[in-house]
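Here is the structure we will look at.
Residue numbers (this note's numbering): 325 to 447.
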């Protein structure tokens, strides 16, 4: 088992959630159950899956949840791009969050390679 609170990637994921929530407060109200909800859920899912995986017994299980968190990270990146294209946020806001998410993705990828170099969690 791992202490998720000590993982930098979990901390960065939490920072991303806070920023995403602040940004999405400005989205149109008719997006509350659409893109706003989807982006928030994807961002929240990153840290939740890191924490859930950290509580598992084996490194392989941990890597599986890190992989799920990685998928949520990419989902967040695409949702941010959609929000920018729809004019819900400007390019600077979108790019800043995408850069944060891309850093998280790199960190998650490194951890996955460390804990499951053969991608054994896929078997």
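Glycine included, every Cβ here is placed at the ideal spot set by N, Cα and C.
Item: Kindly give me the distance between the Cβ atoms of residue 421 and residue 347, rounded to whole angstroms, as I take these residues to be in contact under 8 Å.; Value: 7 Å
Item: Over the uninterrupted alpha helix (DSSP H) stretch that includes residue 365, give me the two end residues.; Value: 359 to 378
Item: Take the Cβ of residue 337 as the centre, count every other Cβ of all protein chains shown within 10 Å, and call the residue buried at 16 or more, exposed below.; Value: buried
Item: When you compare only the Cα positions, how much space is there between residue 331 and residue 397?; Value: 16 Å
Item: Between residue 356 and residue 394, which are expected to be in contact by the criterion C-beta below 8 Å, what is the C-beta distance as a whole number of angstroms?; Value: No, residue 356 and residue 394 are not in contact; Cβ-Cβ is about 27 Å, not under 8 Å.
Item: Quick check on residue 373: buried or exposed, where buried means 16 or more other Cβ atoms within 10 Å of its Cβ?; Value: buried
Item: Buried or exposed: residue 350, going by 16 or more other Cβ atoms within 10 Å of its Cβ?; Value: exposed
Item: Taking buried to mean at least 16 other C-beta atoms within 10 Å of its own C-beta, is residue 382 buried or exposed?; Value: exposed
Item: In the DSSP assignment, find the unbroken alpha helix (DSSP H) run with residue 423 in it and report its ends.; Value: 415 to 439
Item: Measure the C-alpha to C-alpha separation of residue 363 and residue 441 and round it to an integer number of angstroms.; Value: 30 Å
Item: In three-state terms, what does DSSP make of residue 355?; Value: helix
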